[in-house]
Amino acid sequence: MSQLTGSPSSVIRRPATPPMRLGAFVNDATVRSVFYQAVTFVCVVGLIWYLVSNTITNMAQRGMSAGFDFLDVSAGFNIAFTLIPYREGDSYFRVFQVGIANTLLVAVIGAVFASILGLVMGLARLSTNWLIRTLARWYIEILRNTPLLLQIIAWYFGVFNLLPLPRASIDLGGVMYLNNRGAYFPAPVAQEGFALTLLALVAAVAGAVVLHIWAKRRLRDTGRAFPSGLAGAALILLLPLLVFLASGAPLAWDWPALRGFNFRGGFSVPPAFCALIVALSIYTSCFIAEIVRAGIQSVSHGQTEAARALGVKPSRTMRFIILPQAMRVIIPPLISQYLNLTKNSSLAIAIGFPDLVSVWMNTSLNQSGRAIPIVAMTMGFYCAVSLGVSFVLNLYNRRILLRER
Amino acid sequence: MRIGVSLLIAATTMLGVAGAASAQQTLQQVRDRGSLNCQVGLPTPGFYALAANGTWSGMDVDVCRGVAAAIFNDPGKVQYQSVTSAVRFTSLANGESDMLSRTTTWTAVRDGQLGLEFAGVNFYDGQGFVVPRASNITSARELDGATICVLTGTTTELNLADYFRANNMRFTAVTNENVNVLVETYLGGGCDAYTNDKSGLAARRSAFPTPNDHMILPETISKEPLGPVVRHGDNNWGDIVRWVLMGMIEAEEMGVTSANVTQMLQSPNPGIKRLLGVEGNVGQGMGLPNDFMVRVLRHVGNYGEIYERNVGANTPIGIPRERSLNALWNNGGILYAMPFR
Amino acid sequence: MSDAPLVFTPRPADPPPPSTIGVVGWMRANLFSSLPNAILTFLGGYIFYVVVTTIIDWALVKAVWEAENRRQCLDLVGRSGACWPGVVEWIPNLIYGLYPKDQVWRINIGFLILLAWAVPLWLPRVKSKVAIGLSLVLLYPLLASYFFHGGAQGVVWTALIALGGAAFLWVWLTTLAEMRFGLGFGALVARLAGAADDERARRIGWGALAALYVLALLVVSQLRFVEVPTRVWGGLFLTLVISGIGIAFSLPAGVLLALGRRSQMPLIRVFCVTFIELFRSVPLITILFMFNTMLPLFLPAGVEVNRLLRAIVAVCLFASAYMAEIVRGGLQAIPKGQYEAAAAMGLGFWQSTSLIILPQALRIMIPSIVGNFIGLFKDTTLVSIIGLFDLLSMSRAVGEDTRWLGLFIEPFFFITMIYFVFCFLMSQYSLNLERRLGEGQRR
């Protein structure tokens, strides 16, 4: 059965297999390959057909509906936190969109915090300070080894539910308020002419990119470095600010204010959101910390020594020698941690944050009773996100692989 | 891979053969199995409570026991399936449960669109609010702008939204599918009010650290007729569940209890005679013995007994029955059994 | 007058300065080597202090240990201290679920057998570790199902269970024989019987095994356990059963899928890739949900697949997809030369895979497999959502007990500890293993 060679690039085909007991035909690699595939194909397709036909019969028999007609029906329940506008009278399809927006929001914010925290903890794990090193190790060990579901609930009750009542809110400089109903921020309201500032921002970002490319080329051609990072950051910050001030600061703020039971106005996030973000970031950061540590440790010590011998400064050694090599090891597992984070955000159901699974696969399913289309749509969304990210990751992998040789 | 798949095919084919032979009516399936698959919810005091020794009890559990008693003359022949409310209807629809008895509200959409059949009402409930006394709120109308803790995936959630929309008020929901999480949130001040069916509110309030610091608001914002549910399509099975429930209510009206059911067999009252199967053939039409109500009453008792045992004033739940909706129709309530004839 | 040879005696070295040795020195070097380090130390120490004292205060200092119901706890300390009596009362349920109390010994024996079966794997002088490990994964479940589920067994089941029993006997007889005489069980019996040549020795060895089997069959056919249906299984026991079956199934399935993914046959590759990517890309909770609601629809009307089985099928498929990726990683780590050398020796695909590649790959994969198992063990908390009484659901049930109504945080804290202890021990074991396996490869 030599047609099934383990490694794709080492195909070893013996062109003239000597006739054996069953003759050359049976042992011919191509014939057998086709035969196996045909058998597998028939089995898999047969199995799928069998399951599908059973399902159709059963559903017809039990009066279950698989149609998507309910998507237009008004949902009728309130959603505690929505990124996109939603009212009780909106359709189930709108609920689906709200769920997706909330899930993506949690995933993106969670990924940012998890990366920062993971990097810090990964470095702390390699710290020379014994206490920090030990605390970092126990931080990772404890949090990595308890189910995330339990951690989310613990954060919710252990911290965010213990914050003061709205009347006794924690006042952060009169700008942000924190209480057990959530965190309240002033919301920017764009006035006429704010578009100019946005335009300036776009221009500044483009300028920074061009600057970076030019600096890189100059470094390659002449060997003279230019602090393009710093200059780019200054450009992105200053240009829009100047335009903003020049156009007369066309931005109003909607301030949260205590009225009745709670703060009104501004932008707010519920405690469940905070608990979910904190728990997800911390849990994921443990895995990221280990990835960072393994990545840095994977770069041979000889590299550092060689850089020293060539007189490269330690900070530059880290930046130009160690990190680029470590990144190659870090990125693929890092991305899969981001995907895990996205999938884990489905545990929001435990504290009632309205993510996709909670608001769609739980509440909507419960209210409409349409199990099959709802579960299929939920799985479809996660599949799409995951496959999309995998596709990008594969492109990236191919790029760094090409550079290797 | 190939071997795995062919094994899978073989296995499913065998299951298929076994399955085709047993596609019969629910009553027959239950008889063949030797037990009733009765779906209840996650443990909830009073309605489907789970004790540390593993036994189930409660208002809704007694309906299951009644049906099992009617079929097998043994109320213990029930397999309780305790599932979250998210999968309750699919578990019934896909044939896993024979019936569902878990404080489920009878609504038109559930009855008409989800392939369900409501067999009656065993508890009339209504939704209310509990608030801290310190908040000085005395009516639900004063809750405009409040944050409210509500159980998700239930009619409670929809009623809440309806009530606020109807009164042109706003609210923020804190939702969860675990009552204890909501109660903890409420006690920690995470919401201004906690809403649920009133049957549950009193029991929960009694378990607060200082019950007197909290009060139940007078308004009842919804109608919650709770009852057992069966699958659409098997009318005979629906009849069995319905008439076991009706029989329990009728028995209370006629004064037949678990204690006196044996004496009552001698009763000259024609109504009691029909109920207990001494006269007439009510059970026969449903595929049950005519004396099925004797079995039910002997093992489980009449509606009044079930009520007092599980949620009555002398239990920790403590819902007084006097003049409530759940009293008999001739006693100020709306509980009314259809005639047994 | 012999002049003694001039001997150079070095003056004893000065003791190290007191600031570099002992506690002070260690602290200087490790905690306060620089100003930022000192600040970090104080900050870290403070956070640690606050977290630990808060937890201890609630869980131990202010806790109530004796009460009849939650009302009494609340009247004593309110919500500032834990109320443990409710948890203590429910501990048997948290561990065994609703399993009948008088049958719980069966679970205990079942897990003791598992431990006893695994012990030889750590004994240094035992040679047949591969066979013991394989029998553990393949045959122990048969025996365990007999202990846990019980009930009337058909002829086929009895025969299979006896196979498990015989395997267990064989494991320990072989272990003892190898520890004492350095010979396997069969070989030892042959030696004792004075077998003249290899052929006879082999025949006697098989005979001895057959005798073991008959013995096990006799025992099994005599023992009768009361049937305990799976719906009353629960607690930690159920969590272990689900994750255990998941990992045992996912190993072979993962190997097959990974091989399929690297296969030259496009159709097989496509099927495997689709399966793996599909199951890896969606959350376990959606898979559980789908299998729970859809599996009864997939099968012909009237077939009842019990709830536990549905959860197990979902967990197995999910775990296989993850395991396939681990195995793929292991296969990729094997140098190409190994494949080529195997092919050059004229070994076919299955031969080279099972004899050359997999043994090396599995060695590399052990830490990841343990990691996967930890993940699976934690993920089983999700089965509570489809209504199985695992550890998490059981802890929720405590708070719905009429006497302990609202007791929610305490059981929750308790099961968190259980999860932590289990996962921590496993992860330490995995680290230890990684260190030992890595020794030969590190510079």
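In order, the protein sequences belong to chains A, B and C. Just so we're aligned, residue 171 is where the first sequence starts under our numbering, counting upward by one. Just so we're aligned, residue 1046 is where the second sequence starts under our numbering, counting upward by one. Just so we're aligned, residue 222 is where the third sequence starts under our numbering, counting upward by one. Every residue gets a Cβ at the ideal spot worked out from N, C-alpha and C, and that includes glycine.
Assuming residue i contacts residue j (C-beta within less than 8 angstroms), just tell me the rounded distance between them.
i       : j       : result
C:F510  : C:L319  : The Cβ separation is near 23 angstroms, so there is no contact.
A:I406  : A:A360  : Going by Cβ atoms, the distance from A:I406 to A:A360 rounds to 19 angstroms, so no, they are not a contact pair.
A:L333  : A:N349  : 5 angstroms
B:A1372 : C:D622  : About 29 angstroms; that fails the 8 angstroms criterion.
C:A422  : C:A429  : The pair is not a contact, with the Cβ atoms about 11 angstroms apart (cut-off 8 angstroms).
B:G1332 : B:N1281 : 6 angstroms
Considering only the alpha carbon of each residue, which of the options lies closest to residue i?
i       : options                               : result
B:A1191 : B:G1325, B:N1181, B:T1217 and B:A1179 : B:T1217
B:R1186 : B:R1210, B:L1203, B:L1196 and B:G1165 : B:R1210
C:C304  : C:N314, C:I316 and C:V285             : C:V285
B:V1106 : B:T1129, B:M1144 and B:N1204          : B:M1144
C:V377  : C:V462, C:A618 and C:S442             : C:S442
A:W425  : A:A546, A:V215, A:M346 and A:L517     : A:M346
B:L1301 : B:V1286, B:E1264, B:W1282 and B:V1339 : Just to set this straight, residue 1301 of chain B is Val in the shown sequence, not Leu. Of the listed residues, the one whose Cα sits closest to B:V1301 is B:V1339.
B:H1344 : B:S1303, B:R1366 and B:G1377          : B:S1303
A:L421  : A:L428, A:G430, A:A427 and A:L411     : A:L411
B:V1341 : B:V1286, B:L1137 and B:A1153          : B:V1286
C:P313  : C:I328, C:G302 and C:A417             : C:I328
A:A245  : A:L504, A:N536 and A:D198             : A:N536
A:F283  : A:I544, A:A445 and A:L409             : A:A445
C:S541  : C:R501, C:A532 and C:L439             : C:R501
A:Q267  : A:M547, A:Y566 and A:A324             : A:M547
B:L1203 : B:D1237, B:N1167 and B:N1241          : B:N1241
Give me the Cα-Cα distance between residue i and residue j, rounded to the nearest whole angstrom.
i       : j       : result
B:N1335 : B:V1323 : 8 angstroms
A:Y206  : A:W219  : 20 angstroms
B:Y1239 : B:N1223 : 13 angstroms
C:A582  : C:A554  : 7 angstroms
C:A383  : C:L433  : 9 angstroms
A:V372  : A:G465  : 35 angstroms
B:S1312 : B:K1318 : 7 angstroms
A:R390  : A:G402  : 19 angstroms
B:V1274 : B:I1266 : 24 angstroms
A:V380  : A:V413  : 20 angstroms
B:P1384 : C:R292  : 45 angstroms
A:L301  : C:F253  : 10 angstroms
A:Y326  : A:A479  : 52 angstroms
A:L563  : A:S485  : 29 angstroms
A:A404  : A:A370  : 13 angstroms
C:F368  : C:I330  : 8 angstroms
C:G551  : C:L333  : 32 angstroms
Just to confirm my understanding: we take residue i, look at its own chain, exclude 5 residues before and 5 after, and list those with CB closer than 7 angstroms. What are they?
i       : result
A:S468  : A496 and V499
C:P238  : none
C:T395  : S349, G405 and F406
B:T1197 : T1220, N1221 and E1222
A:Y552  : K513
B:A1068 : Confidence is the limiting factor: at B:A1068 the pLDDT is only 35, short of 50, which leaves the residue's position unreliable, though a coordinate-based value still follows. There are no such residues.
So, for residue i: in the same chain, excluding its five sequence neighbours on each side, which residues have a beta-carbon less than 6 angstroms away from its beta-carbon?
i       : result
B:K1243 : G1171 and G1173
C:A183  : Residue 183 of chain C is absent from the model: chain C starts at 222 and stops at 664.
A:R540  : F240
C:V684  : For chain C, the structure presents residues 222 to 664; residue 684 of chain C sits outside this window and is missing.
C:R624  : N290
Run down chain D in chain order and give the residues with a C-beta less than 9 angstroms from the C-beta of residue i.
i      : result
A:C456 : Of the protein chains in the structure, A, B and C, none is chain D.
Cutting at 8 angstroms between CB atoms, please list the residues of its own chain near residue i, excluding the five before and the five after it.
i      : result
C:L516 : V526, R531 and V534
task: Just list the alpha helix (DSSP H) runs in the region 479-504 of chain C, keeping only unbroken ones of 4 residues or longer that don't cross its boundaries, in chain order.
output: 487-502
query: Mind pulling the alpha helix (DSSP H) runs of 4 or more residues that sit fully within the region 535-613 of chain C?
result: 557-565 and 579-600
- request: Identify every run of the alpha helix (DSSP H) within the region 272-339 of chain C, keeping only runs that are complete inside it and at least 4 residues long; order them along the chain.
  value: 291-298, 306-317 and 325-339
query: Whole alpha helix (DSSP H) runs in the region 1084-1142 of chain B with 4 or more residues, listed along the chain?
result: Segments of the alpha helix (DSSP H) lying fully in the region 1084-1142 of chain B: 1104-1117 and 1133-1138.
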